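Read top to bottom, the protein sequences are chains A and B.
Under numbering that gives the first Met the number 0, the first residue of the first sequence carries the number 0, and numbering increases by one thereafter.
Under numbering that gives the first Met the number 0, the first residue of the second sequence carries the number 0, and numbering increases by one thereafter.
Using N, Cα and C, we set each Cβ at its ideal position, and we do this for glycine too.
Every value quoted in this text rests on a predicted model; they were computed, and no experiment measured them.
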Amino acid sequence: MPEMSEMLEPEKTDEEVAILVQGGDIDSFRILVERYDPKLTRYARRFFFHGDDGKDIVQEVFIKAYMNIKSFDAARRFSPWIYRIAHNEFVNNIKRRQKERDTISIFDFDTLFPHLIAKETADDEFNKAEVKRMLERSLDTLSEKYKEPLVLYYFEDMDYREIADVLHIPISTVGVRLQRGRMMLKKIVKE
Amino acid sequence: MNIKNDCDKIINTIKSGETKMHSHAYFMARAALVLFGAVLLFLLILFVATFIVFALQENGGFFAANFGPVGWETFFASFPWIMLLLSLALVLVLWIILRRYPMIYHQPFLYILFVLIVVVSLSCLFISAGAIHGGIYRYVSRNPIPMVSGVYEFETAPANDVYRGQVVTLSTSSFVLANDLGQTSTVLVVPTAPSSGSELGEIEPGDYVIVFGHGVATATIQASGVENIVDYQ
């Protein structure tokens, strides 16, 4: 059963709704929350945030999104913008809690050098489903560096450019990380 | 139901006024601050880059590079490496400041570094290093400023096999050179000197010159090349 606000504004894109929110329409923000709450909760779960922790952190993401909505450029897509806020929030939270260093550093060599493997390769449905299955099984064993692009690509259906916008890394690096991540997954599954 | 509760909680928090939306002006001011910082950093990088050019002009590094392997050795020995490292560090800071923007983070760092090096190098071609740093050097020579005076003196000191001073007297194939301390040397000009150096005919008594050569006897220098320079002190 769709929410009332969805029924009233079924045709509006995320970007159009965001413009309404920028204009001060708080109730329109509800549409964005309804659309992205399940997605971001799922995304948070893949970052090891479960149950109430996950809920709290996703709520924090929405609050930050609201506070910063005027920095959103409606000429660009809304989805990478809110995922970027979520990414920052999750990474900062992990750092605060575990002092974990397995996050992407400024001096990651992948982001420094140009890579030839930059083209987006369309997986066929079989391959995509196969990688998704492997990813579901082995997600916890992958490092953040490779896990996040794989999750965004296979579960959140983002393209290379959108993933680059979420992670703030070069587009060619997305291709490299996806390729290496898939290879790691296959190795893990074989073992 | 869960989603509805989550939505209500978020919307209620916003409506209660606990959370305020940042204004457009806030983001404009932040962007302007970043831009201002980036421009300042870029100017600082240009300043350091032009200092490198100035130091190599003054210490004879550029001039020495015209004289084959020995000259290149002098060039590398006289190169202000610390300044180069400083400018690279500033480039890194500039990249960190600007990498919030897609046009920066979409590109590998080495591309950005390459573009910046090209832009700074081209800028250095159009900016007179002497005009900027000559004045500062002159000022700090007369009014010493801690650190700054030291850096200017150290990086512009003549390199090995490079002599700098004022022409006192001139003959057909030699001249007398007085250095900053007033000590004089006789400079013998090798007839086969590469054309990159100035002809002796262009030098007049009272000129400030830089000489690339080696000592052959006490207070006697056999020059491979001579060039007019500006005396900033």
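Quiz item: In angstroms, rounded to a whole number, what distance separates the CA positions of K54/A and P37/A?
Solution: 10 Å
Quiz item: How close, in whole Å, do the beta carbons of S184/B and T155/B come, if the pair is a contact with beta carbons under 8 Å?
Solution: Between T155/B and S184/B the Cβ distance is about 19 Å, and since that is not below 8 Å, they are no contact.
Quiz prompt | With 16 other Cβ atoms within 10 Å as the buried cut-off, status of H105/B | solution = buried
Quiz item: In chain B, which residues lie less than 8 Å from S171/A when you measure between Cβ atoms?
Solution: P107
Quiz item: Using a C-beta cutoff of 8 Å, does L97/B count as contacting chain A?
Solution: no
Exercise. Scan the region 109–159 of chain B and note each continuous alpha helix (DSSP H) run of 4 residues or more that stays entirely inside, going in chain order.
Key: 134–141 and 147–155
Quiz item: Is it the case that the Cβ atoms of V47/B and L93/B are separated by a distance below 8 Å?
Solution: no
Exercise. Would you list, in chain order, the members of the region 54–66 of chain A that have their beta-carbon closer than 8 Å to a beta-carbon of chain B?
Key: K54, V57, Q58, F61, I62, Y65 and M66
Quiz prompt | Neighbour list for V32/A in chain B, Cβ cutoff strictly below 9 Å | solution = I2, D5, C6, I9 and I10
Exercise. Please classify V60/A: is it buried, with 16 or more other beta-carbons within 10 angstroms of its beta-carbon, or exposed?
Key: buried
Quiz item: Hey, does R83/A have any beta-carbon neighbour from chain B nearer than 8 Å?
Solution: no
Quiz item: If you run the structure through DSSP and keep just helix, strand and coil, what is V225/B?
Solution: strand
Self-check item: Simplified DSSP state of F154/A, which is helix, strand or coil
Solution: coil
Self-check item: Distance between M82/B and A17/A (C-alpha atoms, nearest Å)
Solution: 48 Å
Practice problem: Give the secondary structure of T102/A by DSSP, where H, G and I count as helix, E and B as strand, and everything else as coil. | Solution: Since pLDDT at T102/A reaches only 48, below the 50 mark, its modelled position is unreliable, and the value read off the structure follows with that caveat. If DSSP states are grouped into helix, strand and coil, T102/A belongs with coil.
Quiz item: When DSSP builds the beta bridges, which residues end up paired with L240/B?
Solution: There is simply no residue 240/B to check, as chain B begins at 0 and stops at 232 in what is shown.
Practice problem: Hey, could you find the ends of the beta strand (DSSP E) T183/B is sitting in? | Solution: T183 to V188
Quiz item: Is it right to say T172/A is buried, meaning 16 or more other beta carbons lie within 10 angstroms of its own, or is it exposed?
Solution: buried
Exercise. Would you kindly work out how many angstroms separate the C-alpha atoms of T12/B and E143/A, rounded to a whole number?
Key: 32 Å
Exercise. Leaving aside the five residues before and after P79/A along the sequence, list all residues of the same chain whose C-beta is less than 6 Å from its C-beta, in chain order.
Key: E161, D164 and V165
Quiz item: Would you call the region 202–214 of chain B and the region 61–69 of chain B touching, i.e. three or more CB-CB distances under 8 Å?
Solution: yes
Practice problem: Can you give me, in chain order, the residues of the region 21–41 of chain B that have a beta carbon less than 8 Å from any beta carbon in chain A? | Solution: H21, S22, H23, Y25 and F26
Quiz prompt | CB contact below 8 Å: A17/A versus chain B | solution = no
Quiz item: Is the CB of I162/A under 8 Å away from at least one CB in chain B?
Solution: no
Practice problem: Look at the alpha carbon of K131/A and the alpha carbon of R76/A, and state the distance between them as a whole number of angstroms. | Solution: 25 Å
Quiz item: K69/A to Y82/A, Cα distance in whole Å?
Solution: 16 Å
Quiz item: Can you list, in chain order, the residues of its chain whose CB lies under 7 Å from that of Y35/A, leaving out five sequence neighbours each side?
Solution: I81
Exercise. For I228/B, return the contacting residues in chain A, with the cut-off set at a CB-CB distance below 7 Å.
Key: The premise fails here: I228/B is roughly 40 Å from chain A at the closest Cβ pair, so nothing lies under 7 Å.
Quiz item: Does the beta carbon of S70/A sit closer than 8 Å to a beta carbon anywhere in chain B?
Solution: yes
Practice problem: Please work out which residues of its chain come closer than 6 Å, Cβ to Cβ, to L31/A, disregarding the five sequence neighbours upstream and downstream, and give them in chain order. | Solution: V16
Quiz item: Taking just the CA atoms, how far does V57/A sit from G22/A?
Solution: 23 Å
Exercise. Would you kindly report the start and end of the unbroken alpha helix (DSSP H) that includes A73/A?
Key: Segment: none, A73/A is in no alpha helix (DSSP H) and carries neither H nor E.
Practice problem: Report all residues from its chain with a CB closer than 6 Å to the CB of P148/A; omit the five preceding and five following residues, and keep chain order. | Solution: I162, V173, R176 and L177
Self-check item: Y82/A - DSSP class collapsed to helix/strand/coil
Solution: helix
Quiz item: From H167/A to R99/B, what distance separates their C-alpha atoms?
Solution: 7 Å
Exercise. Please state whether DSSP places H213/B in a helix, a strand or coil.
Key: strand
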